[in-house]
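Numbered per the numbering used here, the sequence shown finishes at 134, counting up by one with no gaps. Glycine included, each C-beta is placed from N, C-alpha and C at the ideal position. Each remark here refers to the structure printed beneath this line.
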Amino acid sequence: MATPAQVRDAMPFAVLIGIELLEAGPGLVRGKLAWKPELCTAGGLMHGGVLMSLADTCGGVCAFLNLPAGAIGTATIESKTNFLRGVREGAVTASTRPLHSGRTTIVLETEIAREDGSLVAKVTQTQAFHYPQD
Numbered sequence: 001m002a003t004p005a006q007v008r009d010a011m012p013f014a015v016l017i018g019i020e021l022l023e024a025g026p027g028l029v030r031g032k033l034a035w036k037p038e039l040c041t042a043g044g045l046m047h048g049g050v051l052m053s054l055a056d057t058c059g060g061v062c063a064f065l066n067l068p069a070g071a072i073g074t075a076t077i078e079s080k081t082n083f084l085r086g087v088r089e090g091a092v093t094a095s096t097r098p099l100h101s102g103r104t105t106i107v108l109e110t111e112i113a114r115e116d117g118s119l120v121a122k123v124t125q126t127q128a129f130h131y132p133q134d
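Written as structure tokens, this is what we have:
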């Protein structure tokens, strides 16, 4: 079984922006990302796309860990983000849980929180399961 760090290392973009996987199981995936100037918009605010990337990374890992029999991979087909507050320092932690898993798709929910526990964003996404071609 791969460690969370090994799973993260298989995703070059997650490595590039500095995502750390803290926990990776079928019922919960947790990832952390530290604030740094390179990840910000004007005024030192962590970029929304970076927060969405954290959620998508955790969602992809969770979807993969819930592959149905015969499926070989996943891809995000829909994602909706509600931003609730900004991040200007510290780190954020994403917690992803599956809401519903079927034969062709899985729906996941991710909460992103600041170090003080305040909710930064809520993300709901759907991932498609891929099967080998006949």
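### Anticipated Cβ contact below 8 angstroms, threonine 96 with valine 7, distance rounded
Not confirmed; about 13 angstroms, so no contact.
### Query
Within 8 angstroms: the Cβ of glycine 48 and any heavy atom of the ligand SAM?
The ligand SAM is not part of this structure, which contains no ligands at all.
### Query
Mind checking alanine 63: buried by the 16 CB within 10 Å criterion, or exposed?
buried
### Message
For glutamate 38 and threonine 74, what's the separation of their Cα atoms in angstroms?
### Response
29 angstroms
### Task
Starting from arginine 114, follow the beta strand (DSSP E) in both directions and report where the run begins and ends.
105-114
### Task
Under 8 angstroms by Cβ, that's how I've got valine 61 and alanine 24 pegged, so tell me the actual separation to the nearest angstrom.
6 angstroms
### Query
Taking the DSSP output, what are the residues bridged to serine 53?
In DSSP, serine 53 forms no bridge with anything.
### Query
Which residue's Cα is closest to the Cα of alanine 34: Arg88, Gln127, Pro98?
Arg88
### Query
When you compare each of Met52, Asp9, Asn66 to threonine 104 by their alpha carbons, which one comes out closest?
Asn66
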